[in-house]
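To start, the structure itself, in structure tokens.
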DNA sequence: GCGACAG
DNA sequence: ATCTTGTCGC
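Numbering (my numbering), first residue to last: -11 to 147.
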């Protein structure tokens, strides 16, 4: 299942929800099954106002969500070990843990995992690792990206 | 004031 | 996000 929608709002760091959440929620209206947890391509708690798009979507859907971003938005952290499975904590300015830096592939740039809604950080990290083996991005997000990219081209014209 | 800044 | 060259490992 794919959902296509043109976005108008611009992308502004810290305000990703304003740009993508509406379309994301519209897409979920088409989903017929009831997932136990949802991976969001972006941060959750590890956000300037502790309210990234993963928290936003989780609240709207009243469903567990995991924020799994490909790059850092805020916070400090130690570089996790080089092997898959190792991870370190992400801290805010007050040394509070706001997420985890997880190595999902050996020697590959880690992903930034944080709580979205109705889930703990430890479980979010475990699920992130459990949902992938050979790729940096967890399978749910990876597949979603592939479907979206393919759908987008067909809509524009197979060039 | 300067640098950083999810997708 | 999108574009894009050469390089590397299974």
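C-beta: ideal position from N, C-alpha, C; glycine also. All values derive from a computational prediction rather than experimental measurement.
Taking the alpha carbon of residue i as the reference point, which residue from the options has its own alpha carbon closest?
i           : options               : result
residue 106 : 137, 54 and 6         : 54
residue 97  : 42, 59 and -9         : 59
residue 45  : 26, 35 and 62         : 26
residue 18  : 80, 57 and -11        : -11
residue 71  : 124, 104 and 119      : 124
residue 48  : 94, 16, 35 and 119    : 16
residue 101 : 78, 135 and 122       : 78
residue 130 : 143, 142, 141 and 116 : 116
residue 104 : -4, -5 and 35         : 35
Alpha carbon to alpha carbon, how far is residue i from residue j?
i           : j           : result
residue 24  : residue 33  : 20 Å
residue 51  : residue 21  : 13 Å
residue 4   : residue 40  : 8 Å
residue 99  : residue 114 : 13 Å
residue 151 : residue 6   : Within the shown structure, residues of the chain are numbered from -11 to 147, placing residue 151 beyond reach of any answer.
residue 80  : residue 64  : 7 Å
residue 67  : residue 92  : 13 Å
residue -7  : residue 11  : 6 Å
residue -2  : residue 118 : 34 Å
residue 143 : residue 9   : 21 Å
How should residue i be labelled, buried or exposed, when 16 other C-beta atoms within 10 angstroms of its C-beta is the threshold for buried?
i           : result
residue 31  : buried
residue 69  : exposed
residue 75  : buried
residue 1   : exposed
residue 126 : buried
residue 29  : buried
residue 83  : exposed
Name the DSSP beta bridge partners of residue i, please?
i           : result
residue 28  : 55
residue 120 : Answer is none; residue 120 lacks a bridge partner.
residue 100 : 57 and 89
residue 105 : 53
residue 77  : 88
Problem - Segment contact, 8 Å Cβ cut-off, at least three pairs: the segment 107 to 127 with the segment 77 to 91 - result: yes
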